[in-house]
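Here's the structure, in structure tokens; my notes come after.
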Amino acid sequence: MIKVSFKGAEHTLEGNTTVRKIIAALGLNPESVLAMRDGKLIVNETFIGKEAEIRLISVVSGG
Amino acid sequence: MLGKDRAANAPDRYLRQRILPEIGDSGQEKLRKSTILIAGCGAIGGLQAELLTRAGVGKIRIADRDFVDISNLHRQVLFNEQDAADRLAKVEAAARKLRSINSDVEIEPHAVDITPRNIESLIDGVDFVLDGTDNFETRYLINDACIKHGKTWVYGGVIATTGMVMLVEPRIGPCLRCLVPDPPSPGSIPTCDTSGVLNTAVGVVSSFQATAAIRALCGTVPDRRGLIHVDPWTLSFDFFKIERDSNCPCCIQDKFEFLESKRTSWTAALCGRNSVQVSPPTDLLIDMSALRARLDKAGRVEKTGLLLRFISEEGEMVIFPDGRAIIMETTDEAKARGLYARYIGT
Chain A
262 MIKVSFKGAE HTLEGNTTVR KIIAALGLNP ESVLAMRDGK LIVNETFIGK
312 EAEIRLISVV SGG
Chain B
290 MLGKDRAANA PDRYLRQRIL PEIGDSGQEK LRKSTILIAG CGAIGGLQAE
340 LLTRAGVGKI RIADRDFVDI SNLHRQVLFN EQDAADRLAK VEAAARKLRS
390 INSDVEIEPH AVDITPRNIE SLIDGVDFVL DGTDNFETRY LINDACIKHG
440 KTWVYGGVIA TTGMVMLVEP RIGPCLRCLV PDPPSPGSIP TCDTSGVLNT
490 AVGVVSSFQA TAAIRALCGT VPDRRGLIHV DPWTLSFDFF KIERDSNCPC
540 CIQDKFEFLE SKRTSWTAAL CGRNSVQVSP PTDLLIDMSA LRARLDKAGR
590 VEKTGLLLRF ISEEGEMVIF PDGRAIIMET TDEAKARGLY ARYIGT
């Protein structure tokens, strides 16, 4: 299973998918969210196997 | 008390900065000889400007398209209630405040919208660029121009209680398009309208950006490259490693799509302001005296520094010397364009 955290909430999803599909499964826009694994940015086309821990953070525009 | 001239030139002005081994006398001299651009002078841009003016950067060019509004004051440190009442251009109010802080620093204000038409002249001759904007359209433009001309810049953004910072060193580290390949669609990310802004998050992000500028200007190389993500409310700080995208259209393929489009938005709703900015399709410099005389016949006109404030039965607008106008109390872009055409002309 894949553990995905976003804004303090934890979600558990099935693996063997892409980052883009994980983001979409949580109802988020892949254009507006960055995915991090092991402290490093991973692109939306990255394939995620059966187990992983991913953190999503929103792109920040304000200033 | 020291007189103004003596205060500006006092030898101990930067003492506690010069004794830092990270800066020293040589770093202080490099700061004095440096020129920077602060693109956007709102929350993060305003604090960057104050910190770097106090630090003794020699020349600070500031570009901003807006005027001071009362809703700015909880987080925009350069402005006060009188500036908001007078609807002063932000760069004008900022220049006045910054010159009173450190008269040794040359402040060069530009009351302009940053567009593909003027970004290259704005970065011409500067050693470093700081992002003080509140939108991705302008950030991608800054990224294109800085990569094309080899200028180091620092991205920063704040929303709600969180913020992000990333230093962009052309051809060395990742650029904005390596991080976010394409601008998020309008409406797809939170804005200050919908999520608010914590002023201390502004302080954290601005401080990281100003520190990046001081380090770069002093000639020190960062220990690591990537994205800072902070949330002072939850006491969290993260650093993420970001690598250059081997297919990046900007910093690898040299495609400067945002810079070369030469396209400027005709209208833009302003974040959190219930107002719409209308821009002329080409660069121009308005004869403000002649316009004032013309508008006097159609309503009440006030001159507030560089700007004209015009109030008619149909609403209020603030007019800039570069031909832009901000139409107040509406988000209806068609209505805003109509009022612009009627009173300023196209």
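Chains A and B, in that order, are what the protein sequence lines are.
Under the numbering used here, the first residue of the first sequence carries the number 262, and numbering increases by one thereafter.
Under the numbering used here, the first residue of the second sequence carries the number 290, and numbering increases by one thereafter.
All C-beta atoms in this analysis are idealised placements derived from N, C-alpha and C, irrespective of residue type, glycine included.
key: C-alpha distance - residue 555 of chain B paired with residue 542 of chain B, whole-angstrom precision   = Locating residue 555 of chain B in the second sequence gives position 266, where the first residue counts as 1. Locating residue 542 of chain B in the second sequence gives position 253, where the first residue counts as 1. Approximately 29 Å, taken between the alpha carbons.
key: Rounded Cβ spacing between residue 478 of chain B and residue 440 of chain B (contact assumed at less than 8 Å)   = Here residue 478 of chain B is taken as the residue at index 189 of the second sequence, counted from 1. Here residue 440 of chain B is taken as the residue at index 151 of the second sequence, counted from 1. So it is not a contact: roughly 26 Å between Cβ atoms.
query = Roughly how many angstroms separate the alpha carbons of residue 620 of chain B and residue 565 of chain B, rounded to a whole number?
reply = Numbered from its first residue, the second sequence carries residue 620 of chain B at position 331. Numbered from its first residue, the second sequence carries residue 565 of chain B at position 276. Going from the Cα of residue 620 of chain B to the Cα of residue 565 of chain B covers about 6 Å.
ask   = Can we say the stretch 334-350 of chain B touches the stretch 392-400 of chain B, given the rule of at least three CB pairs closer than 8 Å?
value = yes
ask   = Going by C-alpha distance, which of B:534, B:420, B:432 and B:613 is nearest residue 405 of chain B?
value = Residue 405 of chain B sits at position 116 when you count from the first residue of the second sequence. Nearest of B:534, B:420, B:432 and B:613 to residue 405 of chain B, Cα basis: B:432.
query = Which chain A residues sit within Cβ distance under 8 Å of residue 530 of chain B?
reply = Counting from one through the second sequence, the residue named residue 530 of chain B turns up at place 241. One finds 300, 301 and 302 in chain A with Cβ atoms closer than 8 Å to the Cβ of residue 530 of chain B, taken in chain order.
inquiry  = Please list the terminal residues of the continuous alpha helix (DSSP H) segment that includes residue 578 of chain B.
reply    = Within the second sequence, numbered from 1, the residue matching residue 578 of chain B stands at position 289. First-last of the alpha helix (DSSP H) with residue 578 of chain B: 577-584.
message = Whether or not the stretch 441-448 of chain B and the stretch 287-299 of chain A are in contact is what I'm after, with contact meaning three or more pairs of Cβ atoms, one per stretch, closer than 8 Å; do they touch?
response = no
inquiry  = Between residue 628 of chain B and residue 616 of chain B, how many whole angstroms is the CB-CB distance? I'm expecting something under 8 Å.
reply    = Residue 628 of chain B sits at position 339 when you count from the first residue of the second sequence. Residue 616 of chain B sits at position 327 when you count from the first residue of the second sequence. About 6 Å separates the two Cβ atoms, so the contact holds.
inquiry  = Quick test of your reading: residue 499 of chain B and residue 337 of chain B, contact by CB under 8 Å. State the CB separation rounded to the nearest angstrom.
reply    = The residue given as residue 499 of chain B occupies position 210 in the second sequence. The residue given as residue 337 of chain B occupies position 48 in the second sequence. Indeed, because the Cβ distance is near 5 Å, the residues count as touching under 8 Å.
key: Selected residue, minimal CA-CA separation from residue 455 of chain B, among B:428, B:517, B:503 and B:573   = Taking the second sequence and counting its residues from 1, one reaches residue 455 of chain B at position 166. Nearest option by C-alpha distance: B:517.
key: Where residue 550 of chain B falls: helix, strand or coil (DSSP)   = What you label residue 550 of chain B is simply residue 261 of the second sequence in a count that begins at 1. Three-state DSSP puts residue 550 of chain B in coil, outside helix and strand.
request  = Go to residue 382 of chain B, then tell me how far its alpha helix (DSSP H) extends in each direction, as first and last residue.
outcome  = Sequence index remark: in the second sequence, residue 382 of chain B carries index 93 (1-based). Element bounds for residue 382 of chain B: 379-390.
message = Taking the alpha carbon of residue 280 of chain A as the reference point, which residue from A:269, A:310, A:300 and A:271 has its own alpha carbon closest?
response = The residue labelled residue 280 of chain A in the question sits at position 19 within the first sequence. Nearest of A:269, A:310, A:300 and A:271 to residue 280 of chain A, Cα basis: A:310.
message = Taking CB distances under 8 Å as the criterion, tell me whether residue 292 of chain A reaches chain B.
response = Here residue 292 of chain A refers to the residue found at position 31 when the first sequence is read from its first residue. True, the Cβ-Cβ gap to chain B drops below 8 Å.
Spatial distance of residue 409 of chain B from residue 438 of chain B (CA atoms) = In the second sequence, residue 409 of chain B corresponds to position 120, counting from 1. In the second sequence, residue 438 of chain B corresponds to position 149, counting from 1. Taking the straight line joining both Cα atoms gives about 8 Å.
ask   = What are the uninterrupted segments assigned as beta strand (DSSP E) that are 3 or more residues long and contained completely in the stretch 423-470 of chain B, given in chain order?
value = 442-448 and 451-457
inquiry  = Checking 8 Å against the spacing of the C-beta atoms, do residue 383 of chain B and residue 335 of chain B come in under that value?
reply    = By 1-based counting over the second sequence, the position of residue 383 of chain B is 94. By 1-based counting over the second sequence, the position of residue 335 of chain B is 46. Taking 8 Å as the Cβ cut-off, residue 383 of chain B and residue 335 of chain B qualify as a contacting pair.
message = Does the CB of residue 568 of chain B have a neighbour CB from chain A at under 8 Å?
response = Taking the second sequence and counting its residues from 1, the one referred to as residue 568 of chain B is at position 279. Closer than 8 Å: no.
request  = Could I get the ranges of all uninterrupted beta strand (DSSP E) runs contained in the stretch 313-367 of chain B, with 3 residues as the minimum, in chain order?
outcome  = If we require 3 residues or more, the beta strand (DSSP E) runs fully inside the stretch 313-367 of chain B come out as 324-328 and 348-352.
task = Confirm, please, whether the CB-CB distance from residue 368 of chain B to residue 357 of chain B is below 8 Å.
result = On the second sequence, residue 357 of chain B is found 68 positions in, with the first residue counted as 1. On the second sequence, residue 368 of chain B is found 79 positions in, with the first residue counted as 1. The answer is yes: Cβ separation under 8 Å.
inquiry  = Tell me which residues share the same chain as residue 593 of chain B and place their Cβ nearer than 7 Å to its Cβ, disregarding the 5 neighbours each side in the sequence.
reply    = For the purposes of this step, residue 593 of chain B is identified with residue 304 of the second sequence, where counting begins at 1. 375, 376 and 377.
task = Answer with yes or no whether the minimum CB distance from residue 518 of chain B to chain A is below 8 Å.
result = One-based indexing of the second sequence puts residue 518 of chain B at position 229. Output row for residue 518 of chain B: interface = yes.
inquiry  = Can you give me the C-alpha to C-alpha distance between residue 290 of chain B and residue 360 of chain B, rounded to a whole angstrom?
reply    = Position 1 of the second sequence holds residue 290 of chain B. Position 71 of the second sequence holds residue 360 of chain B. Caution is warranted here: a pLDDT of 43 is assigned to residue 290 of chain B, below 50, making its placement in the model unreliable, and no coordinate value can be reported.
inquiry  = So residue 297 of chain A contacts chain B; which residues on that side make the cut at Cβ distance below 7 Å?
reply    = Here residue 297 of chain A is taken as the residue at index 36 of the first sequence, counted from 1. Per Cβ cutoff of 7 Å: 529.
ask   = At which residue ranges does the stretch 390-424 of chain B contain complete beta strand (DSSP E) runs of 3 or more residues, listed in the order of the chain?
value = 395-399 and 417-420
ask   = Can you tell which of B:489, B:603, B:536 and B:533 has its C-alpha closest to the C-alpha of residue 366 of chain B?
value = For the purposes of this step, residue 366 of chain B is identified with residue 77 of the second sequence, where counting begins at 1. Checked all of B:489, B:603, B:536 and B:533; the closest Cα to residue 366 of chain B is B:489.
inquiry  = Please state whether the Cβ-Cβ distance between residue 531 of chain B and residue 435 of chain B is less than 8 Å.
reply    = As a first step, residue 531 of chain B must be located in the second sequence, where it is residue number 242. As a first step, residue 435 of chain B must be located in the second sequence, where it is residue number 146. Pairing residue 531 of chain B with residue 435 of chain B gives a Cβ-Cβ distance that is not under 8 Å.
Host alpha helix (DSSP H) of residue 533 of chain B (start-end) = Start at 1 with the first residue of the second sequence, and residue 533 of chain B comes out as number 244. Per DSSP, residue 533 of chain B belongs to no alpha helix (DSSP H) and is neither H nor E.
Backbone secondary structure at residue 273 of chain A - three-state DSSP = For the purposes of this step, residue 273 of chain A is identified with residue 12 of the first sequence, where counting begins at 1. Of the three classes helix, strand and coil, the one that applies to residue 273 of chain A here is strand, per DSSP.
inquiry  = Any beta carbon of chain A sitting closer than 8 Å to that of residue 290 of chain B?
reply    = Here residue 290 of chain B refers to the residue found at position 1 when the second sequence is read from its first residue. The predicted model places residue 290 of chain B with a pLDDT of 43, which falls under 50 and marks its position as unreliable; any figure quoted below should be read in that light. No, residue 290 of chain B lies away from the interface with chain A (no Cβ there is under 8 Å from its Cβ).
query = Beta carbon of residue 324 of chain A, beta carbon of residue 421 of chain B: below 8 Å?
reply = For the purposes of this step, residue 324 of chain A is taken as the residue at position 63 of the first sequence. For the purposes of this step, residue 421 of chain B is taken as the residue at position 132 of the second sequence. Yes. Within cutoff.
ask   = When the distance is taken between beta carbons, is residue 507 of chain B closer than 8 Å to residue 312 of chain B?
value = Stepping through the second sequence from its first residue, residue 312 of chain B is reached at position 23. Stepping through the second sequence from its first residue, residue 507 of chain B is reached at position 218. Result yes, Cβ atoms of residue 312 of chain B and residue 507 of chain B sit closer than 8 Å.
Unbroken beta strand (DSSP E) run spanning residue 615 of chain B, endpoints = For the purposes of this step, residue 615 of chain B is taken as the residue at position 326 of the second sequence. Residue 615 of chain B -> beta strand (DSSP E) spans 614-617.
request  = Could you check if residue 510 of chain B is buried or exposed, using at least 16 other CB atoms within 10 Å of its CB as the buried criterion?
outcome  = Reading the second sequence from its first residue, position 221 is the one you call residue 510 of chain B. Here residue 510 of chain B is exposed. Its C-beta has fewer than 16 other C-beta atoms within 10 Å.
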